[in-house]
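Structure first, then comments.
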Amino acid sequence: MGQIQLNQVTKSFGDVNVIPPLDLTIHEGEFTVFVGPSGCGKSTLLRLIAGLEDITSGQIDIDGQDATNLPPAKRGLAMVFQSYALYPHMSVRKNIAFPMKMAGMDEAEQTRRIDAAAKALNLTDYLDRRPGQLSGGQRQRVAIGRAIVREPSAFLFDEPLSNLDAALRVGMRLEISEMHKRLKTTMIYVTHDQVEAMTMADKIVVLQAGVIEQVGSPLELYREPRNKFVAGFIGSPKMNLIEGSEAAKHNAHTIGIRPEHLDVSTTEGQWQGTVGVAEHLGSDTFIHIHGIEGCDPLTVRAGGEVAVKHGDTVYLTPQMQHLHKFGADGLRIS
Amino acid sequence: MATQHSRSAARMMMAPAVILLLGWMLVPLIMTLYFSFKKYLPLRGGDLGWAGFDNYVRFVTSSAFWPSVQATLVIVGGTLLITVVFGVLLGILLNQPMWGQGVVRILVIAPFFVMPTVSALVWKNMFMDPVNGLFAHLWKFFGAQPVEWLSDASMFSIITIVSWQWLPFATLILLTAIQSLDGEQLEASEMDGAPVLKRFYYIILPHLSRAITIVILIETIFLLSIFAEIFVTTGGAFGSRTLTYLIFQRVLESQNVGLGSAGGVYAIILANIVAIFLMRIVGKNLDA
Amino acid sequence: MARAVTNQRKAINTAAAWAVGLLIFFPILWTILTSFKTEAQAISDPPVLFAFDWTLQNYSDVLDRSNYGRFLMNSIIIAGGSTILGLIIAIPAAWSMAFVPSKKTKDILLWMLSTKMLPAVGVLYPIYLIFIKLGLLDSRTGLIIVLMLMNLPIIVWMLYTYFKEIPGEILEAGRMDGAGLKDKILFILTPMAIPGIASTMLLNFILAWNEAFWTLNLTAAKAAPLTAFIASYSSPEGLFYAKLSAASTMAIAPILILGWFSQKQLVSGLTFGAVK
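Chains as they are written, first to last, in this note's numbering: chain L, -18 to 315; chain Y, 669 to 956; chain H, 27 to 302.
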């Protein structure tokens, strides 16, 4: 249960073509993350799968059945919205019960599922409150509870953590990941945050302007980005992309080197530059370096104890085995 | 935003309202157009045949026409000016910290609940009457000659009455808008050294522009067709005959339906000119 | 603003606001007070504010003179009927405009509002004729229909602005949860929109209650509401201030009382849903 297949799916709003023909298979039990900058069509894609939008052409199969023309509720999917979309006039219990009530499930079964979900999500003490009386994290859990009780074949998450503060976000991220390990249900998760994508996904789908740039596991994308866009999008701090004469030495239009793959020295090295800002995080130091041709500033991730300051001259040496090469068309040269 | 299915359902749900309003607009409009080309006197022979553009010419060349257009615009414009200016001032005052704010707010909005016939009668008799009215008492107290308000200052009097009715509405809308003004913005401008008047002019007033637009739109809709206030007070005499009232007199008092209908068409045209003008502004402001 | 306000400044504000508030309220207060005076006291110079012999004579005179109960009933039925009928027609329309907007939605909305600008007097005679043909003249049904049509654009507009505040994601959640159109309106939309609907209802009830063009021109004895009741005091009875005041008080009291009990919705409704 929970395999989703998109065949030549397109979507246009009027004359604007948001999703050009697109193929994608999401396997059963997989945690798939759609990631990309805002406006890349990732949310639209999710809504097409959910059935909240009609597709313009193509076909969506869910568990081998053509679901293209099924209404959202008949697709066996549950969705957690960015704003949580809780019903403000209903108690937490009623919110969670609503999909089961709509499905006409008997009361005893409803109660059993609500109690189980509340227990799993630490909501037992809050069942009779209204959403307005809950914190952001609790609301998020209610939204997840409403999804769980339907026992869907797949969960859809639309940027579910973007309304939480940073600390809570890390916690919820773990909770959702653990829920996936426990339930082993297919999950599709939309985010613009590549950290969420890297930490949660079995499979990442990188989108730009409605086009899939690359599909793969987090480490595949990290190690072998298929093009410059993916290279720049995955990884933090961002990969340094260097153009010009330095790239030409490697027979490439652009070369890319991640900040963690640069060795820094105050005495000798391949490239020479001047420190602009050094950000000391304790565990790491991010050094922004000016004066290197083709990439300004260049970012280096060094150890926490590196003592450089504004104005110092430093020397850098890229680790050649981690150098990425891209052609004039932006594609990777292997 | 939505699927095909919900879109057609939406059209179905909109249909009754749209069809009813279309009928409410078109049927009487077409009949009015029809009558406006007729010589039609219900009490003096009824339908006396086609009149061509006679009614239109007669209505517009009658000595009452231009003064009535002028009276309409003066009443609408005067009331708008008074309610907006005092509404802004009152809104700012009511937004200040004070004791009993809720009660004051109720006092201020109370006139809105008074039906126009009542307020016109009360103002006309109990306040503006030159012998027994409260104003007459007041004037005499100061040794002045009481004013014959409704004949000597008819327009001013009517505008006063109408403004009293509509000030609550303007105040409430503007107060709500003022309450939504970001306090930090005002503090920032204070830090920047802007004096009170400049703060009002550069920060508060622009913030209120949408609210003011709404006040103007809604009031104009209602003010263009005020009737009871004139019907009860001056009966259209002393230069207070608005276009609405003039047509009313032609149709009901002189029973000249053809002439009145031609006047109705003029009124509709005038209203449409105002409407287009207003809709332009509102259309722009509606989403903002 | 996050700033300490001195009590002195607060006292000045209070005094100024109360002074202005009472000044604006004064005509109503004066009317109510006068209704308890004798005719002689009502026109006495200098006027008396409270120190007079309170009497209910005027009220009994007014009740003797005209059938207040019937005017009141007519007002309630006409204002209430037109408001409820208007809501029944407007709720689905506003719903679809707010949640399934198309490119034409805004145009339709503006067009609806613009019908409100058509001067009633321009179509008085045609409506008059239609009413005669359909036997609606001086009937409550006729007025209910006309006032409903007159206020329909305002009702649609207000409901639209209230509905727009309900986030679209909530309705999508409802769709995902398997709620059909009926379920969505019944279980999600209506409960969430009740405050807005109440405000709309209240405002339109008041507008219909106070409407004084069609109610004066399309009724005679049978269906006349309180606007006509009070217009009959226009002259020469208007010179009997105490009785005029009693009649006026009786005409506006129901609305003032209604307003007093529903301040919150009313304040929201009075802004026509236009500002938040």
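By construction, the Cβ of each residue, glycine as well, lies at the ideal position given by its N, Cα and C atoms.
For clarity, every value in this text was computed on a predicted model and none was experimentally measured.
Residue span of the beta strand (DSSP E) that contains residue i, given as start and end
i, result
"Ala59/L", "Leu58 to Val61"
"Val151/L", "Where Val151/L is concerned, there is no enclosing beta strand (DSSP E), although the alpha helix (DSSP H) it sits in stretches over Ala147 to Leu164."
"Thr64/H", "Where Thr64/H is concerned, there is no enclosing beta strand (DSSP E), given that its DSSP letter is neither H nor E."
"Thr187/H", "Looking at the DSSP string, Thr187/H is not in any beta strand (DSSP E); the run it does join, the alpha helix (DSSP H), is Arg166 to Lys190."
"Leu312/L", "Careful: Leu312/L lies outside any beta strand (DSSP E) and carries neither H nor E."
"Val14/L", "Phe12 to Val16"
Inter-residue CB distance, residue i and residue j (contact presumed, cutoff 8 Å)
i, j, result
"Pro53/L", "Ala31/L", "6 Å"
"Pro836/Y", "Phe890/Y", "With a Cβ gap of about 13 Å, Pro836/Y and Phe890/Y do not count as contacting."
"Gly755/Y", "Ala838/Y", "3 Å"
"Thr747/Y", "Ser831/Y", "5 Å"
"Ser822/Y", "Ser908/Y", "4 Å"
"Ile41/L", "Val(-10)/L", "6 Å"
"Leu228/H", "Ser288/H", "6 Å"
"Thr131/H", "Met138/H", "Wrong, their Cβ atoms sit about 11 Å apart, outside the cutoff."
"Val782/Y", "Ile232/H", "In fact, because the Cβ distance is near 10 Å, the residues do not count as touching under 8 Å."
"Phe727/Y", "Gly931/Y", "5 Å"
"Val925/Y", "Val933/Y", "Not confirmed; about 13 Å, so no contact."
"Ala66/L", "Ala124/L", "7 Å"
"Gln189/L", "Pro18/L", "7 Å"
"Ile829/Y", "Ile750/Y", "Actually they do not touch by this definition, with Cβ atoms about 11 Å apart."
"Ala879/Y", "Leu842/Y", "5 Å"
Strand pairing of residue i, partner residues [DSSP]
i, result
"Trp718/Y", "Lys706/Y"
"Gln(-14)/L", "Thr6/L and Asp42/L"
"Ser(-7)/L", "Asn(-2)/L"
"Asp139/L", "Val171/L"
"Thr235/L", "Glu224/L and Phe307/L"
"Asp47/L", "Asp42/L"
Residue i, enclosing alpha helix (DSSP H) - first and last residue
i, result
"Gln853/Y", "Gly851 to Met859"
"Lys100/L", "Glu88 to Ala101"
"Gln119/L", "Gly117 to Ile129"
"Val786/Y", "Pro784 to Val790"
"Ile196/H", "Gly194 to Met202"
"Asn221/L", "Here Asn221/L belongs to no alpha helix (DSSP H); instead the beta strand (DSSP E) covers Asn221 to Glu224."
"Phe255/H", "Leu252 to Ala257"
"Gln3/H", "Outside the shown range of chain H, which is 27 to 302, sits residue 3/H, and nothing can be said about it."
"Pro221/H", "Thr216 to Asn236"
"Lys159/H", "Leu150 to Leu160"
"Phe287/H", "Tyr267 to Phe287"
"Asn76/L", "Val73 to Met83"
"Tyr94/H", "Tyr94 to Phe125"
"Ala146/H", "Premise fails: Ala146/H is in no alpha helix (DSSP H) and is neither H nor E."
"Trp240/H", "Trp240 to Asn243"
"Thr751/Y", "Phe733 to Leu762"
"Val771/Y", "Gln769 to Ile777"
"Arg28/L", "Lys23 to Ala31"
"Met794/Y", "Here Met794/Y belongs to no alpha helix (DSSP H), and DSSP marks it neither H nor E."
"Thr6/H", "Because chain H is modelled from 27 through 302, residue 6/H falls outside the range shown and cannot be assessed."
| Can you give, in chain order, each stretch of the beta strand (DSSP E) that sits fully within the segment 273 to 302 of chain L and has at least 3 residues? | 279 to 284 and 294 to 299
| field | In chain order, each beta strand (DSSP E) run of at least 3 residues that lies wholly inside the segment 239 to 277 of chain L | value | 243 to 246, 252 to 261 and 265 to 271
| Contact between the segment 161 to 171 of chain H and the segment 204 to 220 of chain H: three or more CB pairs below 8 Å? | no
| query | Taking the runs of the beta strand (DSSP E) that are 3 residues or longer, which of them lie wholly in the segment 171 to 214 of chain L? | reply | 184 to 189 and 192 to 197
| Is the segment 185 to 199 of chain H touching the segment 215 to 227 of chain H in the sense that three or more CB pairs, one from each, lie closer than 8 Å? | In short, these stretches touch, since the Cβ pair count reaches three.
| message | I'd like to know if the segment 158 to 174 of chain L and the segment -5 to 4 of chain L are in contact, where contact means that at least 3 CB-CB pairs between them fall below 8 Å. | response | Flag = no, the segment 158 to 174 of chain L and the segment -5 to 4 of chain L do not touch.
| field | Contiguous beta strand (DSSP E) assignments of at least 3 residues, all confined to the segment 882 to 938 of chain Y | value | none
| request: Count the C-beta pairs between the segment 99 to 107 of chain L and the segment 139 to 148 of chain L that are closer than 8 Å, then say yes if the count reaches three, no if not. | output: no
| query | When the Cβ atoms of the segment 236 to 251 of chain L are set against those of the segment 275 to 290 of chain L, are three or more pairs found closer than 8 Å? | reply | yes
| Any contact of the segment 758 to 775 of chain Y with the segment 791 to 806 of chain Y, i.e. 3+ C-beta pairs under 8 Å? | no
| Are the segment 90 to 104 of chain H and the segment 302 to 309 of chain L touching, with three or more C-beta to C-beta distances below 8 Å? | no
| request: Give, in chain order, every unbroken run of the alpha helix (DSSP H) that is at least 4 residues long and sits entirely within the segment 805 to 880 of chain Y. | output: 817 to 820, 822 to 847, 851 to 859 and 864 to 867
| request: Evaluate contact between the segment 687 to 702 of chain Y and the segment 712 to 727 of chain Y, counting only Cβ atoms and requiring at least three cross-stretch pairs below 8 Å. | output: no
| Stretch pair the segment 129 to 138 of chain L + the segment 80 to 98 of chain L: three plus CB contacts closer than 8 Å | The count of Cβ pairs closer than 8 Å, one atom from the segment 129 to 138 of chain L and one from the segment 80 to 98 of chain L, reaches three, so the stretches are in contact.
| request: Spell out a yes or no on whether the segment 144 to 156 of chain L and the segment 67 to 78 of chain L are touching, meaning 3 or more CB-CB pairs, one atom from each, closer than 8 Å. | output: no
| field | Segment contact, 8 Å Cβ cut-off, at least three pairs: the segment 244 to 263 of chain H with the segment 100 to 116 of chain H | value | yes
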